[in-house]
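Down below is the structure, laid out as structure tokens.
Numbering (full-length UniProt numbering), first residue to last: 1 to 216.
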């Protein structure tokens, strides 16, 4: 069960099956929730490592605040300014959730060899030295420098009291990528092999009792 702030952190590696369904209460009574599904490419040499699963609760993340309390950084994986998240990664990266209070400014040290993607989950503000505006549903791509900066607008919508940013990045692999269906490999031949393994049951099975009745 994924609760507020929780993360299912999986390394697919040599093959892993999972199923995702909303809680029964949400299906029966309605309501809203949001989540992000992120795929991180493994280097070719590690594509077939043993699969792994981590059930990370919101409290498991490393949490860092600025001295004025205006910014909270939750580190889910990787290292940010000496603080390390619980997610086990196989390449140099950082996965964070940044909350910036209205009118506050966040300055987050970032490895110069990393790229960075900043996706706005909620709220509005500006990003970077150029102070480019961005808001809910927009993304900024940052490729140079050793600092990522955000500033939240002083006035936010009533239903989004803070600027919420999903900030991720890492060292680019610069390897070929082939994706088809649920598989991401380096060559078409590897994709074909992955499908053969799946069809032969070598990736495992989802237990029957894990499939909820309301799942179509």
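All residues carry an ideal CB built from backbone N, CA and C; glycine is no exception.
Cβ pair residue i, residue j closer than 8 angstroms
i: residue 100; j: residue 106; result: yes
i: residue 41; j: residue 167; result: no
i: residue 9; j: residue 56; result: yes
i: residue 147; j: residue 117; result: no
i: residue 123; j: residue 76; result: no
i: residue 58; j: residue 3; result: yes
i: residue 61; j: residue 86; result: yes
i: residue 17; j: residue 171; result: no
i: residue 137; j: residue 165; result: no
Top-ranked residue by Cα proximity to residue i, from the options
i: residue 203; options: 52, 29, 148; result: 52
i: residue 47; options: 14, 25, 68; result: 14
i: residue 161; options: 142, 104, 128; result: 104
Reduced DSSP category for residue i - H, G, I as helix; E, B as strand; rest coil
i: residue 175; result: coil
i: residue 58; result: helix
i: residue 208; result: helix
Proximal residues to residue i (C-beta, below 8 angstroms), its chain only, five neighbours per side dropped
i: residue 176; result: 186, 187
i: residue 81; result: 64, 108, 109
i: residue 22; result: 33
Contacting residues, own chain, Cβ-Cβ under 6 angstroms from residue i (five flanking each side not counted)
i: residue 133; result: 126
i: residue 183; result: 191, 194
i: residue 102; result: 152, 154, 156
i: residue 5; result: 58
First through last residue of the alpha helix (DSSP H) which encompasses residue i
i: residue 28; result: 24–29
Close Cβ partners of residue i (< 7 angstroms) along its chain, the five nearest in sequence each way excluded
i: residue 181; result: none
i: residue 209; result: none
The beta strand (DSSP E) enclosing residue i, as first and last residue numbers
i: residue 79; result: 71–80
i: residue 19; result: Residue 19 -> no beta strand (DSSP E), and no H or E assigned at all.
i: residue 202; result: Note, residue 202: premise wrong, no beta strand (DSSP E); not H, not E.
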